[in-house]
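Chains as they are written, first to last, in this note's numbering: chain A, 68 to 703; chain B, 68 to 703.
All C-beta atoms in this analysis are idealised placements derived from N, C-alpha and C, irrespective of residue type, glycine included.
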């Protein structure tokens, strides 16, 4: 394979004990991002600076590097985690630092941008931790380069367009709507606006002059006749504001009579975020935005953003957000931060575009998918790789002694509460009992034909015997290529050098990647393949609402989309309480929703919260600006 | 006065007839913003790039240039406008281009960032027009450098904090709240978070260890006891979404019983925007955020953002927004774009910080205040200059034949409808009858002791006799220093050279600036001074709600704040229908609100819409991305 240029590593000045994340991050030496871009072989006109340490990379680079062979494509996933998380992001970054700063490899890390909402709620950064972090961490966790804000704007412009259109249609005849939608210019001529053309085409109206439309065509064109009860498009905000989960709108004195119940989701739950993560070009993004379905008309026909004439403006709002943001790790290796869709109602993976550019710029792209292999990784393969056409080479499976003991029957792990002694003292029996979960996850990855390397993220309280037991079982019973003990949180890349070597070796194996299901089978068959093959369920039960949706989506032609299961990440099953390897259960599908623009259907197996709340003492109590130095304090 | 270095002008390649604004803007030659910054004498580490044509300027530059004398400070205002506007922004930019690119002066233009909401609603850019524009206009009108998005985030974090706190207080005893607000650390110790210190001080509790608080102090500290009916803090969104004007929140299944009626304003109506525009430093912004009052407790005591512990996080969210954004005009002169508070419920002026930096970098700072001299200019003087301590040198009063004829009794001017012939044919009688409005506005400016130059913004249909009449009356009857016919829309800076000469001359006069009222008089006296001296009213009438607020604010000590009248801009009076110079009227004050953090009270003289709507055919129908070139089309 082609060897690309590795970047110049930044030397870590480590301290013991390991200081707080923000202290490490603020004391780090950062290269100017222009320097890192140059080391990566990017040309000066291919980047747009956002301050000294962030740059957006233009999509034109894909054209210039069209003939460069892709690097190896590595996905970091995990076993079923505890509510505390098992260090997947930290491992992603530690592995990258090891490859780039210790093995001299050319590497790109591709990770998700976190929602700003939870930043101020319950502590927990998304920039990695310890000596494996993306910096500057304040920028990473706050506005970054404004992509999430752009999504909020685009999402809510569509929402405003829906309600105001219903209001105007309620007050006007077809002829009045025609007059308003096609005002005469100074020469007395009417025009189709650029954003009307896709609707014209959809309705099969072959006219170039609005005045040539027949009265029947006029009526069909001007009246969307949206059924208010069918609307699935919600507003979004990047704040954890639970009081917006369920609201009534239209109660102002001038909107009376048009009240409607709806709600806000957190911005990262927007379909626009899912589109951003799955799109491959500006033209593709424009098309997907137009195809986003917001509900139906009273005849049951799908109404999309192009029907409302707003997809062009949404594309303009998102024209910079489509460019990945380049940042760096603590050891000076490059990171693309781009998109961050929900990992249950969406596919939970960073963007295709960042991966595409990364694979041209580097020999190794390390990316992360959300939650366990049953969640983000399954969607990475069946949805993201399907849309990108990219072939994954290695899966890195993160496991911890703590999570495996929980799967073995250990006491409940609760965020904010001290860990039980079972987790902090050696207990090989408990560990052994939980190893089935690791084996199941390795098995899931292997079903896709991708070699697996297990990364055992070691904690200070783990014993050598415990760590050795995981290694042995993963390789001997699970068929992992290797299983490596890592200490990148405390040591940075140096703590993941063995993992990096194992990954490099596994990546040399020829890929036998395959999807788990084809697209051209019925919706139920696709759901059942995932339920049986991935979750280990005995079958699937559909509630009446789900049956109704399946019939509706099949009628509308959405049955050819891949499936994005909205399931808890805390169990291989749909029931968060079932740890280890649940057996003898059936998956209940409560409802199914469609993200037609993003390109998937998402069956709901439970109630998924799409808007977090704030605790009584939110993390914001600790956050302030040091007015002397201008530095942020108290952020994680 | 000190002579600073003028920047290198960009040559305009003009066409006739004048093309569309977006065409001119997209064909413009732009200097890299690094080059412009260097010409201005900014050091490389004093700017932060946002792409090639925008840069934020750090506040540290104020420290470095502390001893440099300030330039001349010029405010552009207008007579009472028609609903179409009279070209105030275009004049601001044309005058700057004339000063900088034609007279070789060192000049900085300081203007407001427009709300993104209306961009997609009813056409009408805010970047100037014709050959007097700020570029790139797409950036200017869209996300710019994210300041408005930061305001949305900060505003809504506070809103979420209010409702969630009421929920948690409703479910917990004082002791439970104490346990949650002061969790023990690993050593078993409790701590006051950094954002609790201001509340401690306010309550007069002199403890450093939470456990030392008496039970009475604990209760006082942990329970805010917010009266839901007193809450004035609303959520904001930068989208024109009229269905959010009046909403009910808290209807999710887990928030039941805590329903509350509230609403969203457009983001630029947030008090945080008003603070951004009036603050003078990071420390001052932090303090103002903490003092923003969101309502009262059940005892009637004011509750502010510091009581909720959220002002530090809001400051962190706004730490980059406080830096002005440097852009350029079509002729290569520098522009600061910074803040854009509402011109009725707020003071309608760009930021003090941009003006402060501009006055250090340039010999002339040209800034604009919203609406007519009775609105933005009065607030510029009485509020903005009071907080900044800066002394204005010249007022430029924009007048048009069109608006003056309207004031003389011409037919109603309605946006989107063709103009009556009275406006497009010579009619000296109508014009003469309307000149009183110009004289009144000149008189208002002169009451503040500032010399006035009238800028007659000429339209193609104006006749020489009409233009000459305005000149003559403005100087001979109004006492303006000069009155100059301008054609900067068609000609760029060249069309405003005479205006620029007149402004330079007027700026040499010693300033006799004075405020119209002192702060230490009762609220009613301040309102009455503005009503009589500025609006020409016979007096003021207070509705019972206003009387109640006056009593309440006086009790709370907010009566020492300046007054920001929320009045229509379409008349010197409170009644938009009264054109010319209304006489014999009394001002009705319906209600009074407080922006305690921003630092003003705003009496409401009518119903002010704080959330625009969208028409049946919003401007977004025309907006799209040209997928070949990546250029924005259809934006104005």
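- Between residue 268 of chain B and chain A, is there a C-beta pair that is closer than 8 angstroms? Taking the second chain and counting its residues from 1, the one referred to as residue 268 of chain B is at position 201. It does not; no Cβ of chain A falls within 8 angstroms.
- Task: Report the residue from A/478, A/444, A/569, A/481 whose alpha carbon sits nearest the alpha carbon of residue 516 of chain A.
- Result: Counted from its first residue, the first chain places residue 516 of chain A at position 449. Selected option, being the one with the closest Cα: A/444.
- Can you list, in chain order, the stretches of the alpha helix (DSSP H) that have 4 or more residues and sit fully within the region 223 to 278 of chain A? As far as the region 223 to 278 of chain A is concerned, its whole alpha helix (DSSP H) runs of at least 4 residues are 241 to 248, 264 to 269.
- Check each residue of the region 322 to 351 of chain B: if its Cβ is closer than 8 angstroms to any Cβ of chain A, include it; give the result in chain order. 322, 325, 327, 328, 330, 349, 350
- Going along chain A, which residues have a C-beta under 9 angstroms from residue 119 of chain B? Position 52 of the second chain holds residue 119 of chain B. By Cβ distance, chain A contributes 112, 115, 116.
- Under a CB-based cut-off of 8 angstroms, is residue 210 of chain A close to chain B? Locating residue 210 of chain A in the first chain gives position 143, counting from the first residue. Yes, because at least one Cβ of chain B sits closer than 8 angstroms to the Cβ of residue 210 of chain A.
- Message: With a threshold of 8 angstroms between beta carbons, is residue 76 of chain A in contact with chain B?
- Response: Here the question's residue 76 of chain A lines up with position 9 in the first chain. False, the Cβ-Cβ gap to chain B never drops below 8 angstroms.
- Bridge partners of residue 519 of chain B, per DSSP? Numbered from its first residue, the second chain carries residue 519 of chain B at position 452. Beta-bridge pairing links residue 519 of chain B to B/462.
- Residue range of the alpha helix (DSSP H) that includes residue 93 of chain A: Looking up residue 93 of chain A in the first chain gives position 26. Run containing residue 93 of chain A: 88 to 94, per the alpha helix (DSSP H) assignment.
- Determine, using beta carbons only, whether residue 118 of chain B and residue 115 of chain A come nearer to each other than 8 angstroms. As a position in the second chain, residue 118 of chain B is number 51, starting the count at 1. As a position in the first chain, residue 115 of chain A is number 48, starting the count at 1. Yes, the pair counts as a contact, with Cβ atoms nearer than the cut-off.
- Assess, as a yes-or-no matter, whether the region 635 to 650 of chain B is touched by the region 365 to 374 of chain B under the definition of 3 or more beta carbon pairs within less than 8 angstroms. The region 365 to 374 of chain B makes no contact with the region 635 to 650 of chain B; the number of CB pairs closer than 8 angstroms stays below 3.
- Query: If you draw a straight line from the alpha carbon of residue 336 of chain B to that of residue 409 of chain B, how long is it in whole angstroms?
  - Reply: Counted from its first residue, the second chain places residue 336 of chain B at position 269. Counted from its first residue, the second chain places residue 409 of chain B at position 342. Approximately 5 angstroms between the Cα atoms of the pair.
- Task: Please check the pair residue 565 of chain B and residue 551 of chain B, which I expect to be a contact at CB under 8 angstroms, by giving their CB distance rounded to whole angstroms.
- Result: Position 498 of the second chain holds residue 565 of chain B. Position 484 of the second chain holds residue 551 of chain B. Their Cβ separation, rounded to whole angstroms, is 5 angstroms, which keeps residue 565 of chain B and residue 551 of chain B in contact under 8 angstroms.
- For residue 188 of chain A, the nearest candidate out of B/654, B/231, B/314 (CA to CA): As a first step, residue 188 of chain A must be located in the first chain, where it is residue number 121. Taking only the C-alpha atoms, the option nearest residue 188 of chain A is B/231.
- Query: Which ranges does the alpha helix (DSSP H) cover as unbroken runs of at least 4 residues, wholly within the region 568 to 614 of chain A, from first to last along the chain?
  - Reply: 590 to 596
- Query: Is DSSP giving residue 101 of chain B helix, strand or coil here?
  - Reply: Taking the first residue of the second chain as position 1, residue 101 of chain B is located at position 34. It is helical.
- Buried or exposed for residue 273 of chain B, please, with buried defined as at least 16 other CB atoms from any protein chain shown within 10 angstroms of its CB. What you label residue 273 of chain B is simply residue 206 of the second chain in a count that begins at 1. Exposed, because fewer than 16 other Cβ atoms sit within 10 Å of the Cβ of residue 273 of chain B.
- Message: For residue 96 of chain A and residue 400 of chain A, I'd like the C-alpha separation in whole angstroms.
- Response: Sequence index remark: in the first chain, residue 96 of chain A carries index 29 (1-based). Sequence index remark: in the first chain, residue 400 of chain A carries index 333 (1-based). Approximately 12 angstroms, taken between the alpha carbons.
- Task: Can you check DSSP and say which residues form a bridge with residue 195 of chain A?
- Result: Numbered from 1 along the first chain, position 128 holds the residue referred to as residue 195 of chain A. According to DSSP, residue 195 of chain A bridges with A/200.
- Which partner residues does residue 302 of chain B have in the DSSP bridge list? Locating residue 302 of chain B in the second chain gives position 235, where the first residue counts as 1. Answer by DSSP bridge pairing, in chain order: B/331.
- Item | chain A contact for residue 71 of chain B (CB, 8 angstroms cutoff) | Translated into positions along the second chain, residue 71 of chain B becomes position 4. Residue 71 of chain B does not count as touching chain A.
- Item | Uninterrupted alpha helix (DSSP H) stretches inside the region 394 to 463 of chain A (no shorter than 4 residues) | The DSSP assignment places 419 to 428, 452 to 455 as complete runs of the alpha helix (DSSP H) inside the region 394 to 463 of chain A, in order along the chain (cut-off: 4 residues).
- Item | residue 484 of chain B classed as buried or exposed, judged by whether at least 16 other C-beta atoms fall within 10 angstroms | Taking the first residue of the second chain as position 1, residue 484 of chain B is located at position 417. By the neighbour-count rule (16 or more Cβ atoms within 10 Å), residue 484 of chain B is not buried but exposed.
- Task: May I ask you to report which of helix, strand or coil DSSP gives residue 142 of chain B?
- Result: As a working mapping, residue 142 of chain B is identified with position 75 in the second chain. Residue state, collapsed to three classes: strand.
- Item | Where residue 365 of chain B falls, given that 16 or more other Cβ within 10 Å makes a residue buried | In the second chain, the residue the question calls residue 365 of chain B occupies position 298. Exposed, by the Cβ-count rule.
- If you draw a straight line from the alpha carbon of residue 167 of chain B to that of residue 221 of chain A, how long is it in whole angstroms? For this step, residue 167 of chain B is matched to residue 100 along the second chain. For this step, residue 221 of chain A is matched to residue 154 along the first chain. Each residue's alpha carbon lies about 38 angstroms from the other.
- residue 530 of chain A (DSSP reduced to helix, strand or coil): Position 463 of the first chain, counted from the start, is the residue given in the question as residue 530 of chain A. In the structure shown, residue 530 of chain A adopts coil according to DSSP, grouped into three states.
- Message: Less than 8 angstroms between C-beta atoms, sequence neighbours within five positions excluded: which residues of the same chain meet that for residue 257 of chain B?
- Response: Locating residue 257 of chain B in the second chain gives position 190, counting from the first residue. Only 249, 250, 251, 276, 277, 278 meet the Cβ criterion.
- Shortest alpha-carbon distance to residue 405 of chain B belongs to which of B/181, B/88, B/648, B/146? Counting from one through the second chain, the residue named residue 405 of chain B turns up at place 338. The shortest C-alpha separation from residue 405 of chain B is found at B/181.
- Cα-Cα separation, residue 619 of chain B to residue 329 of chain B: Locating residue 619 of chain B in the second chain gives position 552, counting from the first residue. Locating residue 329 of chain B in the second chain gives position 262, counting from the first residue. Straight-line measurement puts the Cα of residue 329 of chain B at about 22 angstroms from the Cα of residue 619 of chain B.
- Using a cut-off of 8 angstroms between C-beta atoms, extract the partners of residue 89 of chain A located in chain B. Taking the first chain and counting its residues from 1, one reaches residue 89 of chain A at position 22. Simply none; closest approach about 12 angstroms.
- Identity of the residue in B/227, B/616, B/547, B/264 nearest residue 681 of chain A by Cα: Against the first chain, residue 681 of chain A aligns to sequence position 614. If we check each option's Cα against that of residue 681 of chain A, B/227 comes out closest.
- Within 10 angstroms of the Cβ of residue 587 of chain B, are there 16 or more other Cβ atoms? Answer buried if so, exposed if not. What you label residue 587 of chain B is simply residue 520 of the second chain in a count that begins at 1. With fewer than 16 other Cβ atoms within 10 Å, it is exposed.
- Starting from the beta carbon of residue 263 of chain A, find every residue of chain B whose beta carbon is closer than 8 angstroms, and list them in chain order. For the purposes of this step, residue 263 of chain A is identified with residue 196 of the first chain, where counting begins at 1. Here the neighbours are 688.
- Task: Under 7 angstroms between beta-carbons, which chain A residues line up against residue 124 of chain B? List them in chain order, please.
- Result: Along the second chain, read from residue 1 onward, the residue named residue 124 of chain B stands at position 57. Going along chain A, no residue has its Cβ under 7 angstroms from residue 124 of chain B, so there is no contact; the nearest lies around 12 angstroms.
- Whose C-beta lies closer than 7 angstroms to the C-beta of residue 530 of chain B among residues of the same chain, with five residues either side of it excluded? Translated into the one-based positions of the second chain, residue 530 of chain B becomes position 463. Residues 493 of the same chain have their beta carbon placed closer than 7 angstroms to that of residue 530 of chain B, with the five preceding and five following residues left out of the count.
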